[in-house]
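Report on the structure given below.
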Amino acid sequence: MQYEIGRTSRLGNRKTNQDRLSSIETEDGVMLVLGDGLGGTKGGEIAAQTLVDTINNEMERHPLPVLHPESFLEALILQAHYAIQEVGQAQQPPIEPGTTAVLCLVQQGVVWWAHCGDSRCYLFRNGLPLYRTKDDSYVEHLYQQGELTMETLDGHPMRNLVTQCIGPPKISPNVSVSKGLPLAKDDILLLCSDGFWEPLDDAQIGALIKKGVLNESLNTLAERAEHASYPKSDNTSALAMKITSLQLIKKDPNDDIKIHTRNETNLSGAIDEIERALEEYSDEMKE
1 MQYEIGRTSR
11 LGNRKTNQDR
21 LSSIETEDGV
31 MLVLGDGLGG
41 TKGGEIAAQT
51 LVDTINNEME
61 RHPLPVLHPE
71 SFLEALILQA
81 HYAIQEVGQA
91 QQPPIEPGTT
101 AVLCLVQQGV
111 VWWAHCGDSR
121 CYLFRNGLPL
131 YRTKDDSYVE
141 HLYQQGELTM
151 ETLDGHPMRN
161 LVTQCIGPPK
171 ISPNVSVSKG
181 LPLAKDDILL
191 LCSDGFWEPL
201 DDAQIGALIK
211 KGVLNESLNT
221 LAERAEHASY
231 PKSDNTSALA
241 MKITSLQLIK
251 KDPNDDIKIH
261 TRNETNLSGA
271 IDEIERALEE
281 YSDEMKE
């Protein structure tokens with residue numbers, strides 16, 4: 001698989017940037033991470049940084065591809081939740097910071113994502129938002145219940161109130177995880193904070209990022225978001241990955257040996273999983 005990565009993170013009209021993002025690239029896949037530290041509590045930037053650090057550390061311990069991506073992503077976010085609590089308690093005086101979290105895993109030509117909060121993950125195909133995460137926010141809940149229209153979402157006074165986040169000890173995060181989705185050439189995955197997506201239209205985002213270099217497109221969109229929200233623009237961050245080819249890149253002979261060894265391990269695990277599933281669902285299959 002071949003791809004292009006782009007990113008941007010701007011301060012906006014805030015004193016500090018509490019957004020954090022990371023791309024972890026390996027021979028067998030990519031993990032994208034973004035967190036938007038909550039401004040209503042002290043230490044939002046600490047929470048977002050701990051999210052990124054936790055995922056980076058866990059990815060070193062669990063090389064891709066993983067056998068169970070959905071449970072893996074959920075476990076990563078929950079682990080970051082508890083890590084943030086530990087970091088918060090270690091501060092003097094102790095604090096209870098929080099952050100949104102959105103992860104995107106790409107391996108073997110398939111993508112999965114998981115999130116908690118109102119930072120989003122999009123899949124754009126031909127410039128159109130084929131999929132996006134559903135915001136964990138008060139206004140999104142009202143919209144889903146039919147109590148708000150699309151036209152009234154932007155100006156709602158409680159549009160920034162999230163109903164899910166990670167970090168605070170009194171919260172038990174409800175992590176939303178997608179099913180695996182096969183990717184196509186030129187698909188674009190986009191992770192972004194609400195400071196990026198809220199002032200922009202999805203169609204506007206898709207039309208621009210499918211053209212030219214991702215970094216340039218994201219910087220242009222972030223600048224537009226800042227101007228549209230001025231003088232109250234939030235931190236504006238985005239991380240994107242464009243699939244330029246799904247073909248495997250030929251490695252040198254030494255790399256082939258390493259990949260072969262890793263694939264044998266994965267094959268053995270896959271066989272075990274198939275046998276377990278056959279045994280578990282044998283009665284249903286007979287019907």
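So in this note's numbering, spot 97 of the sequence shown is number 97, and the numbers just go up one at a time.
Glycine is no exception: its CB is placed at the ideal position from the N, C-alpha and C atoms.
Since we're looking at a predicted model, the values are computed, not measured.
Who are the Cβ neighbours of residue i in its own chain at under 8 angstroms, not counting the five residues just before and after it?
{"i": "I205", "result": "Y122, F124, P129, L190, W197 and L221"}
{"i": "A207", "result": "G127"}
{"i": "R132", "result": "R120, C121, Y122, L123 and D202"}
{"i": "Q91", "result": "G43 and I46"}
Kindly list the residues whose CB is nearer than 7 angstroms to the CB of residue i, restricted to its own chain and excluding five residues on each side of it in sequence; keep chain order.
{"i": "V87", "result": "I46 and T50"}
{"i": "L239", "result": "R7, L21, S23, L32, L34 and L191"}
{"i": "H260", "result": "Its pLDDT being 29, under 50, H260 is placed unreliably by the model, and the measurement read from it follows with that caveat. Closer than 7 angstroms at Cβ, skipping near neighbours: no residue."}
{"i": "Q18", "result": "D36, G37, G39, G44, E45, A48 and N235"}
{"i": "T16", "result": "E45"}
{"i": "D118", "result": "T100, D135, D136, S137, V162 and D194"}
{"i": "T26", "result": "P63 and L64"}
{"i": "E58", "result": "L76 and Q79"}
{"i": "P94", "result": "G88"}
Go to residue i, then tell me how far its alpha helix (DSSP H) extends in each direction, as first and last residue.
{"i": "R20", "result": "Element bounds for R20: not the alpha helix (DSSP H) but the beta strand (DSSP E), D19 to T26."}
{"i": "L128", "result": "No alpha helix (DSSP H) holds L128; the beta strand (DSSP E) holding it covers L128 to R132."}
{"i": "A101", "result": "That residue, A101, is in no alpha helix (DSSP H); its beta strand (DSSP E) goes A101 to Q107."}
{"i": "S217", "result": "L214 to S229"}
{"i": "I209", "result": "D202 to I209"}
{"i": "G44", "result": "G44 to R61"}
Under DSSP, the beta strand (DSSP E) around residue i begins and ends at which residues?
{"i": "Q85", "result": "Per DSSP, Q85 belongs to no beta strand (DSSP E); it is in the alpha helix (DSSP H), P69 to A90."}
{"i": "L123", "result": "R120 to R125"}
{"i": "I171", "result": "Per DSSP, I171 belongs to no beta strand (DSSP E) and is neither H nor E."}
{"i": "D194", "result": "No beta strand (DSSP E) contains D194, which is instead part of the alpha helix (DSSP H) from D194 to W197."}
{"i": "D36", "result": "G29 to D36"}
{"i": "M241", "result": "T236 to S245"}
{"i": "A184", "result": "Unbroken run through A184: none, as it is neither H nor E."}
{"i": "Q164", "result": "Element bounds for Q164: n/a, residue is neither H nor E."}
{"i": "S9", "result": "Q2 to R10"}
{"i": "V111", "result": "V110 to C116"}
Near residue i, which residues of its chain fall below 6 angstroms by C-beta distance, leaving aside the five closest residues on each side in sequence?
{"i": "V30", "result": "V106"}
{"i": "L103", "result": "V33, L73 and A114"}
{"i": "V175", "result": "E74, I77, A114 and C116"}
{"i": "Q2", "result": "T244 and S245"}
{"i": "N263", "result": "Residue confidence is low: N263 scores 36 on pLDDT, short of 50, so the model does not pin down where it sits. No coordinate-derived value is stated."}
{"i": "N219", "result": "T8"}
Which whole-angstrom value is the C-beta distance of residue i and residue j, which I expect to be below 8 angstroms?
{"i": "R10", "j": "E226", "result": "6 angstroms"}
{"i": "K185", "j": "I243", "result": "6 angstroms"}
{"i": "W112", "j": "P69", "result": "4 angstroms"}
{"i": "I77", "j": "P173", "result": "7 angstroms"}
{"i": "L246", "j": "G109", "result": "5 angstroms"}
{"i": "M241", "j": "I5", "result": "6 angstroms"}
Thinking C-alpha only, which one of the options is nearest residue i?
{"i": "K211", "options": "D187, Q92 and W112", "result": "D187"}
{"i": "D194", "options": "S176, M59, K232 and G43", "result": "K232"}
{"i": "D53", "options": "P63, A80, K42 and T41", "result": "A80"}
{"i": "W14", "options": "S229, T26, V213 and Y82", "result": "The amino acid at residue 14 is misidentified as Trp; the sequence shows Arg. Per the Cα distances, S229."}
{"i": "E223", "options": "K134, P94, P199 and R61", "result": "P199"}
{"i": "V177", "options": "Q92, I171, N219 and A75", "result": "A75"}
{"i": "I171", "options": "Y82, S237 and Q2", "result": "Y82"}
{"i": "S237", "options": "G12, Q91, Y3 and Q89", "result": "G12"}
{"i": "E60", "options": "S71, T41, D28 and Q89", "result": "D28"}
Could you tell me whether any non-hydrogen atom of the ligand ATP is closer than 6 angstroms to the CB of residue i?
{"i": "W112", "result": "The model depicted lacks the ligand ATP and carries no ligand whatsoever."}
Cβ contact (3+ pairs, closer than 8 angstroms) linking the stretch 163-183 and the stretch 96-114: Because the criterion of three Cβ pairs below 8 angstroms is met, the stretch 163-183 and the stretch 96-114 touch.
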